[in-house]
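**Q**
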Amino acid sequence: MPPDPWFETYRGTVFRWEVDHNDHFTVAYYLARIADAGRALLHALGAAPAPTVECFINYRRELRTGDVMHVKTGVIEADGASVLLGHKLFDSASDELCTTVEQRVVAKLSADGRAAAEARRVSWDGPARELRPRPRDLDGLRDTARDTVKPDEVDATGQLALSAAVQRFSASNAHVLAAFGVTPAYMREQRRGFSTFEFQLAMGGEVRPGDPLVVRGGLVHVGKSSMRILHVMTDARTGVEVASLHQSGVHFDQDRRRPIPLPDDLRARAVAVYGL
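All the letters of the sequence shown, read from the start, carry residue numbers 0 to 275 under numbering that gives the first Met the number 0.
Right, dumping it as structure tokens:
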């Protein structure tokens, strides 16, 4: 057994084109790094790239342009059909923990692979996952993103790449917010934003270049400053689900870099628009 079961699976930096309107590292690029980390760990176990079933992601600390980062990965559990990987993403300059990710992949390990996974088993101390139930029906969701799968968005398993799925959910998020007044103009003029602190991402089966996708999204909870949004992506022809995301975040002060209460008029509009 290795003296330290944690295995470095990624090391890099935040490039300028990878930050969003909040001036911090965009969530889709986090998922690109996590996809790299997952493949690196599977390679260390002697396994081929494997499709992701779900990810539970907790964002603890923001990264900004030029920050350096690395990911350490271990095995939380492995059974005959899947492996649950635990990723920790650190700011390499300060060694502060920025993000934790639980990624379940469908992978059947060989006997040697199971032994290697056992050697990489870690005691996971990430946050507990709270069940985020869907509404009884999805009638309250709106069409919030629509396009087609690009050739470079299909990963080595035939699945829509994690980053490509999240890019579409980010576009969906902007339309969900704009529907009750948190528009791009409002965010620019008031120096406000939406800062995500948790993802619960579920992934479906294979896609092919050219497949038409549609995302429907809606607000399912609004608090003082917190909001939770549900996004559901389907094949526009068949209605078969490709991915879904529960996205939790806060109304954000871009100058003070902290949550700020959602104005009462916007909260009232959110409740009215989404029937909360």
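Backbone N, C-alpha and C define an ideal beta-carbon position, used for all residues, glycine too. Predicted model, so just to flag it, every value in this text is computed and none were measured.
R131 to Q246, Cα distance in whole Å?
**A** The straight-line gap from Cα to Cα measures roughly 10 Å.
**Q** Following the continuous beta strand (DSSP E) through H250, name the residue where it begins and the one where it ends.
**A** First-last of the beta strand (DSSP E) with H250: E240 to D252.
**Q** So, is D154 buried or exposed, given that buried needs 16 or more other C-beta atoms within 10 angstroms?
**A** Buried is the call here.
**Q** At which residues does the alpha helix (DSSP H) containing H174 begin and terminate?
**A** Run containing H174: L161 to A177, per the alpha helix (DSSP H) assignment.
**Q** Return the CA-CA distance between G222 and G203, expressed in angstroms with no decimal places.
**A** Answer to the nearest angstrom: the Cα atoms are 30 Å apart.
**Q** Tell me which residue opens and which closes the alpha helix (DSSP H) that D264 is part of.
**A** D264 -> alpha helix (DSSP H) spans D263 to Y273.
**Q** Can you tell me which of the three DSSP states E188 falls into?
**A** E188: helix per DSSP, three-state reduction.
**Q** What is the DSSP secondary structure of G203, reduced to helix, strand or coil?
**A** Three-state DSSP puts G203 in coil, outside helix and strand.
**Q** Between V181 and E7, what straight-line distance do the alpha-carbon atoms span, to the nearest angstrom?
**A** Between V181 and E7, the C-alpha separation is close to 39 Å.
**Q** If Y9 sits next to V70, beta carbons under 8 Å apart, how far is it from one beta carbon to the other, in whole angstroms?
**A** Contact flag correct, Cβ pair sits at about 4 Å.
**Q** Are there 16 or more other CB atoms within 10 angstroms of the CB of H23, so buried, or fewer, so exposed?
**A** It counts as buried.
**Q** Does DSSP put D138 in a helix, in a strand, or in coil?
**A** Coil.
**Q** Give the single residue among G238, T143, D66 and D124 whose Cα lies nearest to the Cα of I75.
**A** Cα-wise, what sits closest to I75 is D124.
**Q** Tell me the residue span of the beta strand (DSSP E) that contains A77.
**A** Taken as a continuous stretch (DSSP letters only), the beta strand (DSSP E) holding A77 covers V67 to A77.
**Q** Could you tell me how far apart the beta carbons of G216 and S171 are, in whole angstroms, since I believe they sit closer than 8 Å?
**A** Rounded, the Cβ-Cβ distance is 4 Å, consistent with contact.
**Q** Exposed or buried, what is S93 when buried is set at 16 or more other beta-carbons lying within 10 Å of its beta-carbon?
**A** Under this definition S93 is an exposed residue.
**Q** Could you check whether L212 and R167 sit closer than 8 Å to each other, using their CB atoms as the reference points?
**A** Against a cut-off of 8 Å, the Cβ pair of L212 and R167 comes out as a contact.
**Q** Within its chain, find whatever has a CB closer than 7 Å to the CB of R187; leave out the 5 residues flanking it on each side and keep chain order.
**A** Nothing meets the Cβ criterion.
**Q** Over the uninterrupted beta strand (DSSP E) stretch that includes R10, give me the two end residues.
**A** That run of the beta strand (DSSP E) goes F6 to T12.
**Q** Do you know how far the Cα of V18 is from the Cα of R191?
**A** Spanning the two alpha carbons is a distance of roughly 15 Å.
**Q** Express the C-alpha separation of L161 and D151 in angstroms, rounding to a whole number.
**A** Using only the alpha carbons, I get a separation of about 12 Å.
**Q** I think T64 touches R15, with their Cβ atoms under 8 Å apart; what is that distance to the nearest whole Å?
**A** Going by Cβ atoms, the distance from T64 to R15 rounds to 5 Å, so yes, they are a contact pair.
**Q** At what residues does the beta strand (DSSP E) containing H220 begin and finish?
**A** Residues P211 to V221.
**Q** Where does R32 fall in DSSP's three states?
**A** Reduced to three states, the DSSP call for R32 is helix.
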